[in-house]
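Some notes on the structure that comes next.
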Amino acid sequence: MNFQKHIANHVRDLPRSGIRDFFEIVQSMKEVISLGIGEPDFNTPWHIREAAIYGLERGHTGYTSNLGLPVLRERISTYVARHFGVAYDPKSEIIVTVGVSEAIDLALRALLNPGDEVLYHEPCYVSYSPSIVLAHGIPVAVPTRSEENFTLTAEALARKITPASRVLMLNFPCNPTGATQNKAELEKIAQLCIAHDLIVLTDEIYSELTYDSATHTSIASIPGMRERTIFLHGFSKAFAMTGFRVGYACAPAPLTEAMMKIHQYAILCANTMAQDAAIEALEHGERDVDLMRKEYEMRRNFIVRSLNDLGLECFKPMGAFYVFPNISSTGLSSREFSLGLLEKKQVACVPGTAFGPSGEGFIRCSYATGLEQIKIAMERMAEFVAESSRKH
Ligand code: PLP
147 MNFQKHIANH VRDLPRSGIR DFFEIVQSMK EVISLGIGEP DFNTPWHIRE AAIYGLERGH
207 TGYTSNLGLP VLRERISTYV ARHFGVAYDP KSEIIVTVGV SEAIDLALRA LLNPGDEVLY
267 HEPCYVSYSP SIVLAHGIPV AVPTRSEENF TLTAEALARK ITPASRVLML NFPCNPTGAT
327 QNKAELEKIA QLCIAHDLIV LTDEIYSELT YDSATHTSIA SIPGMRERTI FLHGFSKAFA
387 MTGFRVGYAC APAPLTEAMM KIHQYAILCA NTMAQDAAIE ALEHGERDVD LMRKEYEMRR
447 NFIVRSLNDL GLECFKPMGA FYVFPNISST GLSSREFSLG LLEKKQVACV PGTAFGPSGE
507 GFIRCSYATG LEQIKIAMER MAEFVAESSR KH
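Per this note's numbering, the very first residue in the sequence shown carries number 147; after that it's consecutive.
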């Protein structure tokens, strides 16, 4: 049977994720220290897990409303207003989703007609470009540069806008670079979006993980932007709840309604026990987030210093739990470096190119791993760099 003939062209032609390929190699090896994982090493705080268990005990095992539990939407509304300065009506402007992943898919499918262009800054989260293609849009990457600490400048964005541009995707703090965006530049970007009538999808999943007392600004809070922004957030990173699969999208009612139509037919509703846990996270989980943030910040300080000391230039990112050092001084490509480090020293990092071609010359190291492991990984990386430099 010719299966390929039966698979939709745009799915058949989609490349597999570079991260997945890489981690298949990692899984086949023993004793690897992984700086490759994009999920917290902390367990979900116990009281949040308990809320899910208690939900089960009370027989909360049915469907919820398509938009999600009303109490959860109210808590989300309060949380988003308090932390991001934007008010959304819990009845009509918030939809609870299966992680931010589903929210991205819903938003793109709700907004795009075939051939519409979607701009995003690159290096970026691995799913952006494929999600755009799956929604029949055209991905348009705006490369960001290490010289500018991987921020998106309005100038670089303006160069890529065409009459077919419809949507801009933002992700600050950024996976994989850890970059954050200052308010002044966001205001310039907002002006461009208004001038070119773009809708913005802003993925703020790492916003609580912002360090050095830096303040995080959401583009949705900039005057004129609430009406043209879909704000995406979730519980996976800050609350260490990746496996619960809960996220949400906030947007003006007509956009929420459009996303809801897809969600109600494709998904029905997010997992009910996970929604119970999410209520608990928003009601009582902020102290846990603070403790995890402090630990991440300490690890970030250590890893940035270590990488720079061993000659891999690395700016100090202000957010998320990733660093993105420049490895080009070793003379190796991102893939050669990552594979060599894995095979010779059993340390896994992700090649920068997994996040788009502009990631060449860099690797992503996650510090969502215990400090002791990070210390050993840095010692092994120092040996690897010394051995590679002798060869070149
Ligand atoms: N957005 C970004 C930028 C991410 O890094 C990730 C996960 O790594 C996601 C979305 C997916 O999040 P969720 O677990 O909420 O689906």
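Ideal placement from N, C-alpha and C gives every residue a C-beta, glycine not left out.
- [ ] Could you spell out the range, first to last residue, of the beta strand (DSSP E) harbouring Cys511?
- [x] Numbered from its first residue, the sequence shown carries residue 511 at position 365. Cys511 -> beta strand (DSSP E) spans 509-512.
Task: Segment contact flag, the region 416-424 with the region 192-212, C-beta cutoff 8 angstroms, min 3 pairs - done: With the rule of 3 Cβ pairs closer than 8 angstroms, the region 416-424 counts as touching the region 192-212.
TODO: Could you please give the first and the last residue of the uninterrupted beta strand (DSSP E) stretch that includes Ser311?
DONE: Counting from one through the sequence shown, the residue named residue 311 turns up at place 165. Segment 311-316, the beta strand (DSSP E) holding Ser311.
TODO: Name, in chain order, the residues that DSSP records as bridge partners for Gly546.
DONE: No statement about residue 546 is possible, as the shown extent of the chain runs from 147 to 538 and does not include it.
Open item on the list: With a threshold of 8 angstroms, are at least 3 pairs of Cβ atoms found where one atom belongs to the region 271-280 and the other to the region 500-509?
Closed with: Remark: three or more beta-carbon pairs, one from each stretch, lie closer than 8 angstroms, so the region 271-280 and the region 500-509 are flagged as touching.
TODO: Please go through the same chain and pick out, in chain order, the residues whose beta-carbon is closer than 7 angstroms to the beta-carbon of Cys495, but skip the five residues on each side of it.
DONE: On the sequence shown, position 349 is the one that residue 495 refers to. So the list reads Leu181, Gly182, Ser484, Leu487, Ile509, Arg510, Cys511, once near-sequence residues are dropped.
Task: Three-state class that DSSP yields for Phe230 in the structure shown - done: Walking along the sequence shown from the start, residue 230 turns up at place 84. For Phe230, the secondary structure class from DSSP, reduced to helix, strand or coil, is helix.
Task: ligand 1 heavy atom lying under 8 angstroms from the CB of Asp349 - done: Indexing the sequence shown from 1 puts residue 349 at position 203. Within the cutoff, so yes.
TODO: Work out the CA separation of His342 and Arg135 for me, nearest whole Å.
DONE: Only positions 147 to 538 of the chain appear in the structure, and residue 135 is not among them; the question remains open.
Task: Extent of the continuous beta strand (DSSP E) to which Pro191 belongs - done: Sequence index remark: in the sequence shown, residue 191 carries index 45 (1-based). Looking at the DSSP string, Pro191 is not in any beta strand (DSSP E), and its letter there is neither H nor E.
Open item on the list: Shorter than 8 angstroms, the distance from the beta carbon of Val346 to the closest heavy atom of ligand 1, or not?
Closed with: Taking the first residue of the sequence shown as 1, we reach residue 346 at position 200. Outside the cutoff, so no.
Open item on the list: On a Cα-Cα basis, can you pick out the residue from Val493, Ala227, Phe230, Gly507 that is closest to Ser474?
Closed with: In the sequence shown, the residue the question calls residue 474 occupies position 328. Nearest C-alpha to Ser474: Gly507.
Open item on the list: Nearer than 8 angstroms: is that true of the beta carbon of Arg391 relative to any heavy atom of ligand 1?
Closed with: Taking the first residue of the sequence shown as position 1, residue 391 is located at position 245. Checking the Cβ of Arg391 against ligand 1 gives yes.
Task: Distance, Phe381 Cα to Cys396 Cα - done: Along the sequence shown, read from residue 1 onward, the residue named residue 396 stands at position 250. Along the sequence shown, read from residue 1 onward, the residue named residue 381 stands at position 235. If you draw a straight line from the Cα of Cys396 to the Cα of Phe381, it is about 14 angstroms long.
Task: Alpha-carbon to alpha-carbon, Gly457 and Asn321 - done: Within the sequence shown, residue 321 is the residue found at index 175, counting from 1. Within the sequence shown, residue 457 is the residue found at index 311, counting from 1. About 23 angstroms.
Task: Start-to-end residues for the beta strand (DSSP E) that takes in Gly380 - done: Reading the sequence shown from its first residue, position 234 is the one you call residue 380. DSSP places Gly380 inside the beta strand (DSSP E), whose first and last residues are 375-380.
TODO: Starting from Asp349, follow its DSSP beta bridges and name the residues at the other end.
DONE: Here residue 349 refers to the residue found at position 203 of the sequence shown. According to DSSP, which records beta bridges pairwise, Asp349 is partnered with Leu378.
- [ ] Would you mind stating whether Tyr394 and Ile241 have Cβ atoms separated by less than 9 angstroms?
- [x] In the sequence shown, counting from the first residue as 1, residue 394 sits at position 248. In the sequence shown, counting from the first residue as 1, residue 241 sits at position 95. Closer than 9 angstroms, so yes.
- [ ] Can you tell me the Cβ-Cβ gap for Leu338 and Ile307, rounded? I've got them flagged as a contact below 8 angstroms.
- [x] Taking the first residue of the sequence shown as 1, we reach residue 338 at position 192. Taking the first residue of the sequence shown as 1, we reach residue 307 at position 161. That pair is a contact at about 7 angstroms.
Task: Span of the beta strand (DSSP E), counted from its first residue to its last, around His282 - done: Within the sequence shown, the letter at position 136 stands for residue 282. Looking at the DSSP string, His282 is not in any beta strand (DSSP E), and its letter there is neither H nor E.
Task: Secondary structure of Glu429, DSSP reduced to three states - done: In the sequence shown, counting from the first residue as 1, residue 429 sits at position 283. Three-state result, Glu429: helix.
- [ ] Could you pull the start and end residues of the beta strand (DSSP E) that Tyr266 belongs to?
- [x] Sequence index remark: in the sequence shown, residue 266 carries index 120 (1-based). Element bounds for Tyr266: 263-268.
Task: Buried versus exposed, by CB contacts within 10 Å (16 or more), Ala330 - done: Translated into the one-based positions of the sequence shown, residue 330 becomes position 184. That one is exposed.
Open item on the list: Just to confirm the assignment, what range does the alpha helix (DSSP H) spanning Ala304 have?
Closed with: As a working note, residue 304 is residue 158 in the sequence shown. That run of the alpha helix (DSSP H) goes 300-306.
TODO: Let me know if Thr323 comes out buried or exposed under the rule of 16 or more other beta-carbons within 10 Å of its beta-carbon.
DONE: Counting from one through the sequence shown, the residue named residue 323 turns up at place 177. By the Cβ-count criterion, Thr323 is buried, with 16 or more other Cβ atoms from all chains shown falling within 10 Å of its own Cβ.
Open item on the list: Quick check on Asp434: buried or exposed, where buried means 16 or more other Cβ atoms within 10 Å of its Cβ?
Closed with: In the sequence shown, counting from the first residue as 1, residue 434 sits at position 288. Buried, because 16 or more other Cβ atoms sit within 10 Å of the Cβ of Asp434.
Task: Buried/exposed call for Phe318, threshold 16 Cβ in 10 Å - done: Numbered from 1 along the sequence shown, position 172 holds the residue referred to as residue 318. By the 10 Å Cβ count, Phe318 comes out buried.
Open item on the list: Please report whether the beta-carbon of Ser480 lies at a distance below 9 angstroms from any beta-carbon of chain D.
Closed with: The chain inventory of the structure shown lacks chain D, comprising one protein chain alone.
Open item on the list: Under DSSP, the beta strand (DSSP E) around Gly370 begins and ends at which residues?
Closed with: Position 224 of the sequence shown holds residue 370. Where Gly370 is concerned, there is no enclosing beta strand (DSSP E), given that its DSSP letter is neither H nor E.
Task: Bounding residues of the alpha helix (DSSP H) (the contiguous stretch that carries Cys396) - done: The sequence position of residue 396 within the sequence shown is 250, counting from 1. Segment 393-396 is the beta strand (DSSP E) holding Cys396; no alpha helix (DSSP H) there.
Task: Beta-carbon gap between Ser359 and His379 smaller than 9 angstroms - done: Your numbering for residue 359 matches position 213 in the sequence shown. Your numbering for residue 379 matches position 233 in the sequence shown. In this structure, Ser359 sits away from His379, with a CB-CB distance that is not shorter than 9 angstroms.
- [ ] Could you have a look at Thr243 and say whether DSSP puts it in helix, strand or coil?
- [x] To locate residue 243, count along the sequence shown from 1; it is residue 97. Residue state, collapsed to three classes: strand.
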